[in-house]
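Structure first, commentary second.
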Amino acid sequence: WQVLAIYMLLAASLSEQQVLKQACPSCDASQLCNCSSMGLEFIPPGLTAKITGLNLAHNRIKHIQSQDLQQAVNLKTLLLQCNEISSIDDGSFQSLGKLELLDLSNNSLAHLSPVWFGHLFSLQHLHLQGNSYRDLGQSSPFSSLRNLSSLYLGNPQFSVIRQGNFEGIEFLHKLWIDGSNLSQYEQGSLKSIKEINHMIINLRNSNIFSEIVRDLVNSVTWLEVAEIKLPVEKKSLVQNSTRPFRIQKLTFKEALFTDQSISRAIVSLKEITSLKELQAINCALEGKGIWNTKEIARSRQSFVETITIIKVVIQNFHLFFDLEGMESQINKLKRLTIISSNVFMVPCKLARHFSSLLYLDFHDNLLVNKRLDETICERSWPSLQTLNLSQNSLKSLELTIKYIYRLPKLNNLDISLNNFGEIPDECEWPKHLKYLNLSSTQIPKVTTCIPQTLEVLDVSGNNLKEFGLQLPSLKELYLTRNQLKTLPGAAPIPNLVSLSVRRNKLNSFSKEEYVCDSPLAVRGAQVGAVHLSLMECHRSLVVSLICVLVFLVILLLVAVGYKYHVLWYLRMTWAWLQAKRKPKRAPPKDVCYDAFVSYSENDSEWVENTMVRELEQACPPFRLCLHKRDFVPGKWIVDNIIDSIEKSHKTLFVLSEHFVQSEWCKYELDFSHFRLFDENNDAAILILLEPIQSKAIPKRFCKLRKIMNTKTYLEWPAGEEQQQVFWENLKGALKS
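Here the sequence shown stands for residues -15 to -1, 1 to 721, numbered as in mature numbering (1 follows the signal peptide of the UniProt record, and there is no 0).
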């Protein structure tokens, strides 16, 4: 009985493994089992302890049973997203004590049970977003998840967060909540989490925003809020909160601001003394910049050092006020980025108060040279070190340089993607300029306008035909996408470390000034002293030439084969080999025709109405085999032809101009050629229906041409008296 029980267990195990192998072929090969997008409606049986990763995403699984994952005790990754899961048995994950990632997102779970996660002591990443639950229950579903690092929650139906929902979680690297329709938030719900590095929340209910910020000000390092219409908040954002605050970065995405809400937000955010960075991405501002500057000025000092604004839409931006009165709020700012936001100028008075600003990025805006004089006026941006004016509407490089010279501490300048077109011969730059990007500015040449203090120069994407500047401090030079025909000499740029010259028209360079970097065997040697093979220098070219030559050879073989009928000879050889397998002649009992008739369809009227009637109505009658009448339907044409020839005493060829040009006749000659003529027998009877020269017969039928030249054949006469003789001769030939 014990042996029988062991046998039955082994048989059941093998059966389950077979089912698993059929459902997920990849499971048989490695510890990672990919069963995604296979139309599965249940978790396949046969999962064993050797599997560490299981991907069941994008299937049609509706229910997880307690025994489905019972044996997968070493599972670390379980992906179940994008199924139709609506229910999970309480003990389904009980054996998964080593699980680190569980993804149940985008299913149909209407509630979350703490029992599901009770034994997942190693779980670090949990994805539950995109289901249909409206809340997290009355208590915390995550109380046992002490090692949880990232948590993804919420859905369009998610509406309530209660106190105690996050009990048990002390630290999260990332918390993402889809609360786009969140309508109720109990104060203190998120306060139980002691530390969150990055929290993202979609939130349309502006009344909840302030409550959430108050709960997070001591725990979150980076808070990202999306889809919100910023409220005009009267209460303090740090009410009932004690220092030290933790929040350092606040990001708004796809948010809506008004003049009033921005004014209040500036005042309120000053209270968060730990806040160092503000971002607004893909947001909209309804207003003209009429901010309550007096209230802002009366409030405390701002501790924000970095502001980033990307793709902010301001309706009627050309009517936007100059923000007079904001001067006192910007003197501590160190980094300012405004990208793709239609900035066309900064008032000089405001620019002079950016006294601490080190980094300024105005990429992809509407700055022009006339307004640049106002934006970079005398004594403006006094501490600026990095300036990005790329992809604006600057037209004059000479005027641009004139205004930039007013920035005495500037060492990094990007003015790429402006259509300058010309470059002056002499220029005066800031004395400490180290990095200059002039790429894609349509300059036709480089002149001594380029400062000699540079360590990095980018002039890619222009129309440069040569580069001969002397830049003793230069370490990096970018010359990509120009018209250079020769490499720049090494002597004028002795400290160069990196040179990029892709996509030029190079054909020469000074071999004495350059050393090899690769191949490794010649690294460090002077270029002039190294001699590499053609394959080493132009590998791709050599491979391309070989491919072209192979193609030409194949093309030549095809042409020769067509001209000399190689395909015909191959086909005939195959037919001959097939015929060789059969007996050379069919047994007498199998011969049932006097003759097999091969003729052109164009000659069918004479054959079927004249010859067949004459021969089959003779006394005694002859039995003829015609392809129209006697071939077996559905049988391969080759077998029909060979079988008909073998079952006939004679083969009768009705030759004419049509016969020579007919594909059908060609096939019949092809497959009968060896049988009829290689055996040197008299089974073939040739009838000339009309005068035809033997030269008109295709050259590949050499033996047929030889027979016509050496043997007698029957010729159909025009006169009735001669026709009677013709029939007598034909009947005699058939009887012989």
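Glycine residues also receive a C-beta, built at the ideal position from the N, C-alpha and C atoms.
Within the same chain, Cβ atoms closer than 8 angstroms to the Cβ of Ile70 are found at Ile46, Lys47, His48, Ile49, Leu89, Asn92, Ser93 and Leu94, the five residues on either side in sequence being excluded. Counting the other Cβ atoms within 10 Å of the Cβ of Thr227 gives fewer than 16, which makes it exposed.
In the structure shown, Asn68 adopts coil according to DSSP, grouped into three states.
Runs of the beta strand (DSSP E) lying entirely within the stretch 115 to 202 and spanning at least 3 residues, in chain order: 135 to 139, 156 to 164 and 180 to 188.
Gln511 sits in a strand when the DSSP states are folded into three classes. Within the stretch 354 to 389, complete alpha helix (DSSP H) segments of at least 4 residues are found at 354 to 360 and 382 to 389, given in chain order. Pairing Gly149 with Ser125 gives a Cβ-Cβ distance under 8 angstroms.
In the displayed model, Ala580 falls within a strand according to three-state DSSP. Between Leu345 and Leu321, the C-beta gap is smaller than 8 angstroms, which places the two residues in contact. Ranked by Cα distance from Leu270, the first of Ile213, Glu290 and Asp575 is Ile213. The criterion of a C-beta distance shorter than 8 angstroms is not satisfied by Leu472 and Glu451. Between His183 and the set Val198, Arg189, Leu208 and Gly164, the nearest pair of CA atoms involves Leu208.
In terms of Cβ geometry, Phe143 and Gly164 form a close pair [threshold 8 angstroms]. 8 angstroms or more divides the Cβ of Ser368 from the Cβ of Leu351. Contact between Ile299 and Asn277 is absent: CB atoms are separated by about 18 angstroms, not below the 8 angstroms threshold. Counted as a single uninterrupted DSSP element, the alpha helix (DSSP H) harbouring Lys716 occupies residues Glu705 to Lys720. By the neighbour-count criterion, in which 16 or more other beta carbons inside 10 Å mark a residue as buried, Tyr547 falls on the exposed side. When C-beta atoms of the stretch 70 to 81 are compared with those of the stretch 37 to 44, fewer than three pairs fall below 8 angstroms, so the two segments do not count as touching.
The beta-carbon separation of Leu136 and Leu97, rounded to 12 angstroms, does not stay under the 8 angstroms limit for a contact. Among the bridge pairs identified by DSSP, Thr227 is matched with none. In this structure, the CA atom of Leu65 is about 40 angstroms from the CA atom of Ser325.
Per DSSP, the unbroken alpha helix (DSSP H) holding Ile531 starts and ends at Arg524 to Lys548. Between Leu130 and Leu105, the C-beta spacing is below 8 angstroms. One alpha carbon belongs to Val145, the other to Glu171, and they sit about 8 angstroms apart.
Secondary structure at Gln314: helix, using DSSP grouped into helix, strand and coil.
Put simply, the backbone Cα of Tyr420 is about 9 angstroms away from that of Thr371.
Remark: C-beta atoms of Leu674 and Trp591 approach each other more closely than 8 angstroms. Looking at Val58, Val100, Ser77 and Gly103, the one whose alpha-carbon comes closest to that of Lys83 is Val58. Judged by beta-carbon spacing, Leu459 lies within the 8 angstroms limit of Ile478, meaning their Cβ atoms are closer than that value. Close CB contacts of Asn422 within its chain, under the 6 angstroms cut and outside five residues either way in sequence, are with Asp399, Ser401 and Asp443 (chain order). Apart from sequence neighbours up to five positions away, the residues of its chain that approach Val507 with a beta-carbon distance below 6 angstroms are Cys501 and Val515, ordered along the chain. In this structure Lys296 touches Ile266 by the C-beta definition: roughly 7 angstroms separates them, less than 8 angstroms.
Less than 8 angstroms separates the beta-carbon of Asp200 from that of Lys176. Under DSSP, the beta-bridge partners assigned to Glu209 are Ile185 and Thr236. Residue pairing by DSSP puts Tyr463 in a beta bridge opposite Asp443 and Ser485.
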